[in-house]
Structure formats: structure tokens, C-alpha cells
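**Student:** In our numbering, the protein residues as written are 5 to 93.
(1) Could you check the C-alpha separation between residue 74 and residue 63 for me, to the nearest Å?
(2) Here's the rule: buried if 16 or more other CB atoms are within 10 angstroms of the residue's CB, otherwise exposed. What is residue 45?
(3) Judging by CA-CA distance, which residue of 53, 22, 34 and 41 is the nearest neighbour of residue 82?
(4) Express the C-alpha separation of residue 54 and residue 93 in angstroms, rounding to a whole number.
(5) On the three-state DSSP scale, how would you describe residue 92?
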């Protein structure tokens, strides 16, 4: 929920519209599969854990950024993420 609220605030969009965009980005890029794979990794030391944490944080930031870009660039579209993808993403 905090990621969706941040997406809505950054894109200056309604929270429900932002949530739909957030989940559409997740589906389009299969992010839940990546998150599941990341959770299955057992880092062997502190630095590996840091690297994994940084990677998952970067994926989260990218997901929010894509949702914001779709909402900002295609706010009038019925499905901003699909419109963003069709425009070349």
C-alpha cells in the first residue's frame, strides 16, 4: 500500500487509478515472479544479502517509476499502462 500511495502522490493521480496502474505494471513485467525468485534465494553472507536487498529495492523503484510514467503520460487513457506500453514504453 505505501508503494501505491507514493505512486499516486508522485503522479498526482487518484489512489484507485494508481493501484490499477501499479498492478498492471506488475502483471506486464511479471514482477511477482521475480519477487518470488528473490525470496527463494538464501544469501550466504552479509554482502550478498545487501546486494539482493538493493536489487529488490531497484525493482520496486522501477515499478513505481513505470506506473508514474504511464499515469503522467497517458492519464486520459482507460488503461494508462497498456497505452504506455503501446507507445513504446
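Using N, Cα and C, we set each Cβ at its ideal position, and we do this for glycine too.
**Tutor:** Straight from the coordinates:
(1) Against the chain shown, residue 74 aligns to sequence position 70. Against the chain shown, residue 63 aligns to sequence position 59. Answer to the nearest angstrom: the Cα atoms are 16 angstroms apart.
(2) Counting from one through the chain shown, the residue named residue 45 turns up at place 41. Residue 45 should be labelled exposed.
(3) Along the chain shown, one-based indexing puts residue 82 at 78. Closest option to residue 82, Cα to Cα, is 22.
(4) To locate residue 93, count along the chain shown from 1; it is residue 89. To locate residue 54, count along the chain shown from 1; it is residue 50. Going from the Cα of residue 93 to the Cα of residue 54 covers about 30 angstroms.
(5) As a first step, residue 92 is located in the chain shown; it is residue number 88 there, counting from the start. It is coil, neither helix nor strand.
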